[in-house]
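Q: Convert by adding 29 to the 1-based position in the sequence shown; the result is the number in our numbering.
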Amino acid sequence: MKNNLSALFFVTAMLGASPVCVLAQSPSTLSFPQGGQFRLSISNTDPNMIFIPGDSVIAITAQGGMLADKRTTSAGGVLFTSVATKPFTLFVETALGQTFSVVATPVRGEGRVYRLLSAEPPERPETRQWETARPYETLLVSLNRAVLSGVMPEGYGEVEPLANGVRVPGGMTLSAAKAWAGDLLRVDRYQIRNANTWSVALREQDFWRPGVRAVMFDSNAQTLLGGGTLMMTVIRASGEGNDGQR
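Encoded structure:
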């Protein structure tokens, strides 16, 4: 089993170094509650992995004997094995102070890989320095450019998207795609679709609701054709709910 863990550790390390390497099993993406508890199935015959984009796991603990081996990766994830046959509780801590527990149910089979996104973005004091070191309008433009280039600023981590983070004009539908959070601000990506058979004008203010700081479309088009789709970036205050309230 330790040989299997070493092999998975090697592949994981190579994954961070080369985009062409892949794990044998694609990760399952789940949202976790800050300070809460949820259930996961894990393998008791192969290594398992947990990682949190934009954060690093610094500790994973369980009652004596439940974890046969564990080690952190250079990318901030954690690899672990268990020979347990009954459910047990794992406790996880991260570098950004996030804590949660997992009721792990052991099953035979391939090792599980979990990509966990925080439902409540943690504070990122170091990122706040970057956010406050430039004029506000420049900051908003920088974040939008970062999204379009696919390279987010240092310290921004992926989080669970807000499904209802903006107002949706009549006749349009909206799908949350991806989201990242810094300390003061968060960035959500949405795909908007014109469900009408006629064109609809695109106006940033039509999507505003409390808490929103900027709305930017990927296209310079002033209208969206009937049945057409378009990606949109929304920047809002981090830590505010869908109604703009903390």
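Every residue gets a Cβ at the ideal spot worked out from N, C-alpha and C, and that includes glycine.
Everything numeric in this text was worked out from a predicted model, so none of it was measured.
Using the beta-carbon count (16 or more within 10 Å), is Phe109 buried or exposed?
A: The residue you call residue 109 lines up with position 80 of the sequence shown. Buried is the call here.
Q: Below 7 Å CB to CB, which residues in the same chain sit around Thr262 once its five sequence neighbours on both sides are set aside?
A: On the sequence shown, position 233 is the one that residue 262 refers to. Excluding residues within five positions, the ones whose Cβ falls inside 7 Å are Asn173, Val176, Val216, Arg218 and Met245.
Q: So Ser147 is in the beta strand (DSSP E); what residue range does that whole segment cover?
A: Working through the sequence shown from its first residue, we reach residue 147 at position 118. Per DSSP, Ser147 belongs to the beta strand (DSSP E) from Val142 to Ser147.
Q: Pair every Cβ in the segment 61-70 with every Cβ in the segment 139-157, then say whether three or more of these pairs are closer than 8 Å.
A: Output reads yes: the segment 139-157 touches the segment 61-70.
Q: Hey, could you find the ends of the beta strand (DSSP E) Ser130 is sitting in?
A: As a first step, residue 130 must be located in the sequence shown, where it is residue number 101. Ser130 -> beta strand (DSSP E) spans Thr128 to Val136.
Q: Can you tell me which of Met181, Val142 and Thr118 puts its alpha carbon nearest to the alpha carbon of Arg68?
A: By one-based count along the sequence shown, residue 68 stands at place 39. When each option's Cα is compared against that of Arg68, the closest is Thr118.
Q: Could you have a look at Tyr219 and say whether DSSP puts it in helix, strand or coil?
A: Residue 219 sits at position 190 when you count from the first residue of the sequence shown. Here Tyr219 sits in strand by DSSP.
Q: What three-state label does DSSP hand Gln25 in the structure shown?
A: Only positions 30 to 275 of the chain appear in this structure, which leaves residue 25 out of reach.
Q: Helix or strand or just coil, what does DSSP make of Val121?
A: On the sequence shown, position 92 is the one that residue 121 refers to. Three-state DSSP puts Val121 in a strand.
Q: Give the list of continuous beta strand (DSSP E) stretches no shorter than 3 residues that lie fully inside the segment 184-213.
A: Listed in chain order, the complete beta strand (DSSP E) runs (minimum 3 residues) inside the segment 184-213 are 201-210.
Q: Please name the residue in Ala124, Ser70, Val136 and Glu233 whose C-alpha comes closest to that of Pro154.
A: The count along the sequence shown starts at 1 and reaches residue 154 at position 125. Minimum Cα distance to Pro154 is reached at Ala124.
Q: Quick one: what's Asn77 bridged to in DSSP?
A: In the sequence shown, the residue the question calls residue 77 occupies position 48. Bridge partners of Asn77: Phe109.
Q: Tell me the rounded alpha-carbon separation between Thr58 and Tyr143.
A: Within the sequence shown, numbered from 1, the residue matching residue 58 stands at position 29. Within the sequence shown, numbered from 1, the residue matching residue 143 stands at position 114. Between Thr58 and Tyr143, the C-alpha separation is close to 6 Å.
Q: Check whether the segment 187-204 touches the segment 225-244, taking contact to mean three or more Cβ pairs, one atom from each stretch, closer than 8 Å.
A: Touching, yes.
Q: Just the Cα atoms here: how many angstroms apart are Ala266 and Lys99?
A: As a first step, residue 266 must be located in the sequence shown, where it is residue number 237. As a first step, residue 99 must be located in the sequence shown, where it is residue number 70. C-alpha separation (whole angstroms): 37 Å.
Q: Give the straight-line distance between the Cα atoms of Ser70 and Thr202, rounded to the nearest whole angstrom.
A: Within the sequence shown, residue 70 is the residue found at index 41, counting from 1. Within the sequence shown, residue 202 is the residue found at index 173, counting from 1. Ser70 and Thr202: Cα-Cα distance of roughly 34 Å.
Q: Express the C-alpha separation of Asp84 and Met181 in angstroms, rounding to a whole number.
A: Locating residue 181 in the sequence shown gives position 152, counting from the first residue. Locating residue 84 in the sequence shown gives position 55, counting from the first residue. Just so you know, the alpha carbons of Met181 and Asp84 end up roughly 14 Å apart.
Q: Within 10 angstroms of the Cβ of Thr156, are there 16 or more other Cβ atoms? Answer buried if so, exposed if not.
A: For this step, residue 156 is matched to residue 127 along the sequence shown. Label assigned to Thr156: buried.
Q: Using a threshold of 9 Å, state whether the C-beta atoms of Val188 and Trp159 are closer than that.
A: The count along the sequence shown starts at 1 and reaches residue 188 at position 159. The count along the sequence shown starts at 1 and reaches residue 159 at position 130. Cβ atoms of Val188 and Trp159: not closer than 9 Å.
Q: Once you ignore the five residues that flank Arg163 on each side, which residues in its own chain have a CB closer than 8 Å to its CB?
A: Here residue 163 is taken as the residue at index 134 of the sequence shown, counted from 1. The answer, listed in chain order, is Ser171.
Q: Just how far apart, CA to CA, sit Leu169 and Gly179?
A: Taking the first residue of the sequence shown as 1, we reach residue 169 at position 140. Taking the first residue of the sequence shown as 1, we reach residue 179 at position 150. Here the C-alpha atom of Leu169 lies approximately 15 Å from the C-alpha atom of Gly179.
Q: Can you check which of these residues, Ile79, Leu231 and Val86, is closest to Asp247 by C-alpha distance?
A: As a first step, residue 247 is located in the sequence shown; it is residue number 218 there, counting from the start. Asp247 has its Cα closest to that of Leu231, out of Ile79, Leu231 and Val86.
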